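For reference, each letter of the sequence shown is one residue, going 1469 to 2547 in the working numbering.
Below is one structure, written out as structure tokens, with a few remarks after it.
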Amino acid sequence: MVGLVSPAMTATVSTGAILFTDMVESTALRSRLGEVRADELRRHHDQLLADAIAAHRGEVARWTGDGVKAVFPTASDGVGAAVAIQRAVLQYGLGAEAVSAFQVRIGLSVGEVSTDENGDRRGVAVVEAARLEALARPGEILATEMVRLLGHRRANVRFDEVGERTLKGIELPVTVFRVVDTEAVAAAPLPRFLVPDSHLPMVGREALVQTFDQRWADARAGRAGVVVVRGQAGIGKTRLVSQFAAMAHASGGLVLGGWCSSDVDVPYEPLAMAFRSVAGLDPALDAALTSSAGALGRLFPATSGDELQPYFPRLELFDAVGELLHRLAKRQPVLLVVDDLHWAAAPTVLLLRHLIGAANEDRLLIVGTFRDGDLGPSHPMRDLLADVRSARNATILDPLGLNETDVAALVSTVAPSAPLSRAALVAEAVCRETAGNPFFAAELLRHLTDTGELQRSLTGDSASVASVPLEMSDVVTRRLAQLVPGAVDVLRAAAVIGASFDVGLLADVTEMPEGALVDLLEGVARTGLVAELGVGEFGFVHAIVRTALLDGLSATRAARLHRSVAEALEANGADQFDELAFHWQMAGVEANATSHLMRAADRDMGALAFESAKARYVRVIDLLNRDVRADTQVRARAWIGLAAAQRGMFDPTFKEAAVRAARLARSARDPLLMAEAANLTTWLGTHSFWVAEAPDTEMIELCEHTLAQLPADSPLRVRLLATLASHLTFSPSFDQRVTLIAEANRLAALLGDTQLMVDVLHAEFVCLWEPGTLARREQIARDLGRLARATGEAHLEFLSGFFAAYCLLERGELDACEARLVQLEPALAAIRDGQNEFLIERLRITIAILRSEGGVQARVDALFQRFGQSLTDAEGTWMIQTAVLAYQAGVLGDLVGSLQSMTTGPQARMWAAGLAVALWWSGDEQGAAEVLDRPDDLPRNYFWLAVQQALAEVAVGLGRHDHCRTIFDDLLPFRGLVSVTGGGSSCFGLVSRSLGVLALELGEVDRAIDFLVEAVDQADRIGAHFDGVSARRSLAAALHRAGRHHDVERLTAEASAVAESRGFGREARLIGELREMWS
């Protein structure tokens, strides 16, 4: 024993327990929280510790920066205080008042303690406790053996031996014990598939384990992370993450795990599997498991989908999963393992990507495995890997093959008495034959052991491995041949069932008594070919084992077994639609497979797993196309499902599927299916039909035909009325749209359905979106706002706010519009919808264009680069914003070719008006006149005002008074408004400026002056520099014509200065020509 206390310093000597604590990662917490919040957290920490110490007859000897040194009269008091501290810290982190969750580590010893003249405690026990505190993991209590001997009578703790440790300042090794709180919430067991194989040790993975340990330490400190393990089959990915899981579990972590199936791609199944194993830890999870309640319930979907607005609820589901993990991580650090991601369904990968991006400060580590050689070019894992590479605290691990030293360690484990030199020779042979693949190496060693070849190689004259099979799959085949008679047939039936299999189902298929079957499987498990995964459930230890069994089946035998499995599932009333569809299809009974596949697809829609649903509906359609007896209604339903799934994915081809469904429904003479298909052709509740297209005459006729057959009070009728009105948005039939929307509003109010009211109000705003309805659209925005407050739905709050902001911009209230956009940011953050982000930024750019701010073209380009691949409206937005900027710069004539190409697609009449201006500016007056003289067939919609302004400029330039008079009369009711194009895509400026220019051309000089003075004042008030320059130039011309010359020079000088500084080239030239003419 080391004498550490000087007699001269000792006042008293007593026996007692010493406890040291330390707040884990306190410096990192302070950096993350900031000084003020970190100080508040420190005060809470100190109070928690002081209360626990006092409650167990303890005394604070000294505060040690981020911890405490305390003394207790007995070991039991010290143990009780240590446990109470850990419970208090955990409970604090769960509370709403917590500044932040945190962890402490604790060291505890007992022995003689001296108190010096300053009141401080000294002695060997003090040193031991301090060293153990430094050794402890976050959330851990480490104690000496003496503490165990004296404190073991406490009924609420268990002492687990850690082993001997050499502690600095202590001469002899100290046996260390971990104090485990047995009355805390029962720790969830390690998922069975992650229990490490104890047959052979894991070798050659020390560096990878060390990397994981660091990532796990980061996660425990509140820095969420992700680890991805990739490699070929048999390289030991699952074995490695099993070791990770065991380490996390031993340190007090909650380990959740699931795997992806190679046979059926059930969406979210690995996450659902993981959460099912911890039922009882979270009330919302329990409700979701028992009744599919709440947003989280869609992780455990019912048998079919329901009608819903597709995108927002998926965000709610993803958020609900993230919030569940957040709640669990507040209780204890969480390790989430998802195995075999190369077989993951696309929705599973999307959910994981969401979790990786959202869990920055949770005590969460996500670990995934995949075979990199199994990823096709379009596999969703490639996007996840891109996220991982750019994420914080992310690591990709690449396990390599074992070297000869690693394999020699395995040989020595199997034959511990073998000479090392002989073991090394055998290891060399095994490495050569297996290329260091861990699974193959282990299986080969088992094979050599079972055949006696290993013993002969270790003791004989030659260390060669004589009976190595030609193919490594033969290793498994030979091991299977050594099983008891009948076992291989049973295992082949199990392999047909899947990678894991239920004992009861296997008993039905093999017609064996369950007791005998369990005996057989337990015997096979001892050979390491299968493993027990849970009560009544076994699984193959590796896909290679299952593959070897399946390869031994003839096509006929395999089909018969698949049929037996399907019949057994149906007889048991199973709703495992994916498995049933798979087995019936493998059995060659496609008609049965189709019905189950359709139900699986409907279930996917209920789970918002649109990618999986789409794939299944495509397969259903393919099967139905091969069946000459397929029912037309079933085919229509399949196409409806495909359209809904594609729409949920923002796939623009959803309309083609919906039209195909509508045609089939019409052939089946089913008005309900016709209405369902027709309603899919537009997207009420989102912004999909803000992209103007030519009216679809087929869909208009279908909607009208279906309406005539639907009951007057059907909810489907409400949506169909709104759908028809939406299809007519870009037709001249404004009055028909008004009538349709009026009936839809009346019926929605009569039914009292909030969602129907929202859909109709939204459709009304869009399909009646023209300058004459501004007051009504402002009222719609207010009505939607009231519904948003009543329902608390963020996407509805966004919709109402965006509509309100748009109307403010039309009124010329730019500051108020920008303020409204700022108010929308919480709703935008809540729904995290890229399309809404696009709409907000686009409207802000439009405001910047109106104000002629610098650097706007770069923002226009950036918007297109960000959204060009995902949103169909992005290209048109880029073109119209670029065209308006070119108009302001005076170079629109350079874009004749680009504008000409735009007139062949959607919004052709709008682009033609812009083309007319460009043609006139480029000197092609005949081409401009041809556009001007086209019949005025443009419907009143959200492009109409800008088109009239563009045509007004051409009419004035060409001196066409007939057109000037018509356009002037059309624009006059909208004096004072700002011309904003569809969805806020751009802005053609002030209507009053266009009215002034038209009046001046018509010779109505006094009216022109009134309009232009109004335009100058409005432009100056809102900062619309281009309109201010152009209006000043025209006002100067009007005043000069009226003989009022006193303000002409001032106006042209002001306009010229701004035009030169802002780069309005054409305006600067025209002003110069006027000044030269008047000089």
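No residue lacks a Cβ here, since even glycine has one placed at the ideal position from N, Cα and C.
Computed from a predicted structure; not experimentally measured.
May I have the straight-line CA-CA distance separating residue i from residue j, to the nearest angstrom?
i	j	result
histidine 2010	valine 1898	20 angstroms
glycine 2491	valine 2497	11 angstroms
leucine 1820	alanine 1812	10 angstroms
aspartate 2301	arginine 1782	11 angstroms
aspartate 2283	alanine 2106	49 angstroms
phenylalanine 1838	arginine 1660	19 angstroms
aspartate 1807	alanine 1742	11 angstroms
alanine 1984	leucine 1757	33 angstroms
glutamate 1601	leucine 1823	34 angstroms
glycine 2373	threonine 2350	18 angstroms
glycine 2217	serine 2194	The amino acid occupying residue 2217 in the given sequence is alanine; glycine does not appear at that position. The alpha-carbon atoms of alanine 2217 and serine 2194 are separated by roughly 19 angstroms.
leucine 2463	valine 2446	12 angstroms
glutamate 1901	alanine 1797	45 angstroms
leucine 2387	arginine 2134	47 angstroms
leucine 1951	arginine 1994	11 angstroms
Under 8 angstroms, Cβ to Cβ, is there at least one residue of chain D near residue i?
i	result
leucine 2519	Checking the listed chains, one finds no chain D in this structure; it contains a single protein chain.
Which partner residues of residue i appear in the DSSP bridge assignment?
i	result
leucine 1722	Val1802
tryptophan 1727	Asp1807
glutamate 1632	Thr1643
glutamate 2000	Phe2006
glutamate 1527	Val1539
serine 1968	Gly2007
methionine 1491	Val1572
leucine 2196	Leucine 2196 pairs with nothing; no bridge assigned.
glycine 1484	Gly1579
arginine 1590	Ser1582
arginine 1698	Phe1838
Within this structure, are the beta carbons of residue i and residue j separated by less than 8 angstroms?
i	j	result
isoleucine 1486	alanine 1520	no
aspartate 1866	arginine 1698	yes
leucine 1804	leucine 1724	yes
isoleucine 2556	valine 1694	This structure does not reach residue 2556, given that the chain is present from 1469 up to 2547, and the question cannot be answered.
alanine 2420	valine 2364	no
phenylalanine 2034	alanine 2055	It should be noted that the sequence gives alanine, not phenylalanine, for residue 2034. In this structure, alanine 2055 lies closer than 8 angstroms to alanine 2034 by Cβ.
leucine 1912	alanine 1883	no
threonine 1679	isoleucine 1574	no
phenylalanine 2479	alanine 2414	no
alanine 2505	leucine 2468	yes
By a C-beta neighbour count over all protein chains shown, 10 Å radius and 16 as the cutoff for buried, is residue i buried or exposed?
i	result
methionine 1477	Caution applies to methionine 1477, whose pLDDT of 41 falls short of 50 and renders its modelled position unreliable; the value that the coordinates give is listed next. When all chains shown are included, methionine 1477 counts as exposed.
asparagine 1905	buried
methionine 2378	buried
tryptophan 1531	exposed
proline 1801	buried
lysine 1636	exposed
threonine 2154	Note that threonine 2154 scores a pLDDT of 46, beneath 50, so its modelled location is shaky; the value from the coordinates is reported in the next line. Buried.
leucine 1617	exposed
aspartate 1545	buried
glycine 2323	exposed
leucine 1640	exposed
asparagine 2213	buried
valine 1977	buried
Just to confirm my understanding: we take residue i, look at its own chain, exclude 5 residues before and 5 after, and list those with CB closer than 7 angstroms. What are they?
i	result
isoleucine 2539	Arg2501, Thr2520, Ala2523, Ser2524 and Ala2527
lysine 2548	In the structure as shown, the chain starts at 1469 and stops at 2547, and residue 2548 therefore has no counterpart that could be examined.
glycine 2336	Ala2342 and Glu2343
alanine 1687	Gly1693, Pro1801, Arg1831, Leu1832 and Leu1833
alanine 2397	Leu2426
leucine 1938	Low confidence applies here, because leucine 1938 scores a pLDDT of 42, under 50, leaving its location unreliable; read the following figure in that light. If we look at leucine 1938 and ignore the five residues flanking it on each side, it has no Cβ neighbours.
glutamate 2393	Leu2426
Would you say residue i touches the ligand SAM, meaning its beta carbon is less than 7 angstroms from a heavy atom?
i	result
phenylalanine 1712	In the structure on display, the ligand SAM does not appear, and there are no ligands present to speak of.
Within its chain, find whatever has a CB closer than 6 angstroms to the CB of residue i; leave out the 5 residues flanking it on each side and keep chain order.
i	result
valine 2057	none
methionine 1614	Val1578
glycine 2253	Ser2268
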